[in-house]
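Student:
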Amino acid sequence: MAKVVVFGGTGYTGAGIVREALARGHEVVSVSRSQPSEPVPGVQYEVGSAEQLAPRVVPGADAIVATLAPRGDMAGRLVEVYGELATLSAQAGARYLQVGGFSSLRPAPDAPRFVEGEVPEEYRTEALEGEATRILLAERAPAELDWVFVSPAGSYGAWAPGERTGTYRVGGEVALFDADGGSSISGADFAAAVVDEIEAPAHHRAHIGVAY
Ligand SMILES: NC(=O)c1ccc[n+]([C@@H]2O[C@H](COP(=O)([O-])OP(=O)(O)OC[C@H]3O[C@@H](n4cnc5c(N)ncnc54)[C@H](OP(=O)(O)O)[C@@H]3O)[C@@H](O)[C@H]2O)c1
2 MAKVVVFGGT GYTGAGIVRE ALARGHEVVS VSRSQPSEPV PGVQYEVGSA EQLAPRVVPG
62 ADAIVATLAP RGDMAGRLVE VYGELATLSA QAGARYLQVG GFSSLRPAPD APRFVEGEVP
122 EEYRTEALEG EATRILLAER APAELDWVFV SPAGSYGAWA PGERTGTYRV GGEVALFDAD
182 GGSSISGADF AAAVVDEIEA PAHHRAHIGV AY
């Protein structure tokens, strides 16, 4: 059993990971600024900002999962906050899994990342900030930090929760597409992929993508 701390554990991504990790018998701590609307029995909910709570909840953890979103008053703040989580995770000897965006992937091995090209206006700001958090890890992570940056499929999000299928594929920084050219993953299958990576670490200081 691992102690897993999920920053943003009441959000779309975080709550799925919290539920999956708890169901597999792990000790789970969730951090968010508001109380969960539907608390899951057995989860330790810590209410406050990530910045305030991290120095207390990161030490002693086996895995830290970062699933905050750069929206509202967090717009423009994710790199600063994730930098702190990465530093604390390194000091604690905890694995650090940071969820970012699809746009940080590449369409082909030597092609520019999607975020470097045309990104729909409604996603552009979030895509750029997600990419900045990838660069944070790729270029400035503490040398001893065992990190993974996880990009979900293009059709992933609260607007498309989907169903648990029990299957998923893990790629590198080149996006995976299904036979019809689509890119999707349900919330439950994405959460399973993240918890699988916690239980059986297969990627180290790496950018991975999860999709069908
Ligand atoms: N297809 C894609 O590429 C795609 C789609 C969706 C999401 N994503 C990415 O996945 C990540 C998570 O997105 P999401 O949609 O799951 O987010 P979300 O549902 O908005 O959840 C964000 C969580 O973070 C918490 N939070 C935010 N700021 C915080 C702070 N300062 N301290 C503590 N808790 C804080 C929120 O709770 P409180 O507000 O109560 O604090 C909430 O629990 C983002 O990086 C997003 O860009 C990618």
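The working numbering puts the sequence shown at residues 2 to 213.
Glycine is no exception: its CB is placed at the ideal position from the N, C-alpha and C atoms.
1. Would Gly183 and Pro162 qualify as a contact pair, given that the criterion is a beta-carbon distance under 9 Å?
2. Could you spell out the range, first to last residue, of the beta strand (DSSP E) harbouring Glu132?
3. What is the rounded straight-line gap between the Cα of Glu123 and the Cα of Met75?
4. What residue from Thr168, Ala16, Arg25, Tyr157 has the CA that sits closest to Ala3's CA?
5. So for Gln53, helix, strand or coil by DSSP?
6. Should Thr14 be listed as close to ligand 1, given that the test is whether its C-beta is under 8 Å from any heavy atom?
7. Nearest CA to the CA of Gly158: which residue from Thr68, Thr88, Ile209?
8. In the structure shown, what three-state DSSP assignment does Ser35 receive?
9. With distances taken between CB atoms, is the gap from Gly9 to Ala87 smaller than 9 Å?
10. Thinking C-beta only, is Ser152 closer than 9 Å to Gly84?
11. Could you tell me the alpha carbon to alpha carbon distance between Arg72 and Gly167, rounded to whole angstroms?
12. Which residues does DSSP pair with Ala153 in a beta bridge?
13. Taking three-plus beta-carbon pairs below 8 Å as touching, is the segment 92 to 100 in contact with the segment 136 to 153?
14. Determine the DSSP secondary structure at Tyr13, reduced to helix, strand or coil.
15. Taking a contact to mean a Cβ-Cβ separation below 9 Å, would you say Val30 touches Val6 in this structure?
16. Just mark Arg114 as buried or exposed, buried being the case when its beta carbon has 16 or more other beta carbons within 10 Å.
17. Under 8 Å: does the beta carbon of Arg34 sit that close to some heavy atom of ligand 1?
18. Once you ignore the five residues that flank Val80 on each side, which residues in its own chain have a CB closer than 8 Å to its CB?
19. Starting from Leu79, trace the beta strand (DSSP E) both ways and give me its first and last residue.
20. Using only CA atoms, which one of Glu119, Ala194, Ala128, Ala55 lies nearest to Val171?
Tutor: Judging by the given coordinates:
1. Not a contact, by the Cβ cut-off of 9 Å.
2. For Glu132, no beta strand (DSSP E) segment is defined; the enclosing uninterrupted segment is the alpha helix (DSSP H) at 122 to 141.
3. The alpha-carbon separation between Glu123 and Met75 amounts to approximately 16 Å.
4. For Ala3, the nearest C-alpha among the options comes from Arg25.
5. Residue state, collapsed to three classes: helix.
6. It does: the Cβ of Thr14 is within 8 Å (strictly closer) of some heavy atom of ligand 1.
7. Here the closest residue by C-alpha is Thr68.
8. DSSP, read as helix, strand or coil, puts Ser35 in coil.
9. Against a cut-off of 9 Å, the Cβ pair of Ala87 and Gly9 comes out as no contact.
10. It is not a contact, given that the beta carbons lie outside the stated cut-off.
11. For Arg72 and Gly167, the distance between alpha carbons rounds to 30 Å.
12. Before going on, a small fix: residue 153 reads as Pro here, not Ala. In DSSP, Pro153 forms a bridge with Val211.
13. Touching, yes, given that three or more Cβ pairs across the two stretches are closer than 8 Å.
14. Secondary structure at Tyr13: helix, using DSSP grouped into helix, strand and coil.
15. Cβ distance < 9 Å, so Val30 and Val6 count as in contact.
16. Flag for Arg114 reads buried.
17. Yes, since a heavy atom of ligand 1 falls inside the 8 Å radius drawn around the Cβ of Arg34.
18. The answer, listed in chain order, is Glu130, Ala133, Thr134, Leu137.
19. Leu79 -> not in any beta strand (DSSP E); alpha helix (DSSP H) instead, spanning 79 to 93.
20. Considering only alpha carbons, the answer is Ala194.
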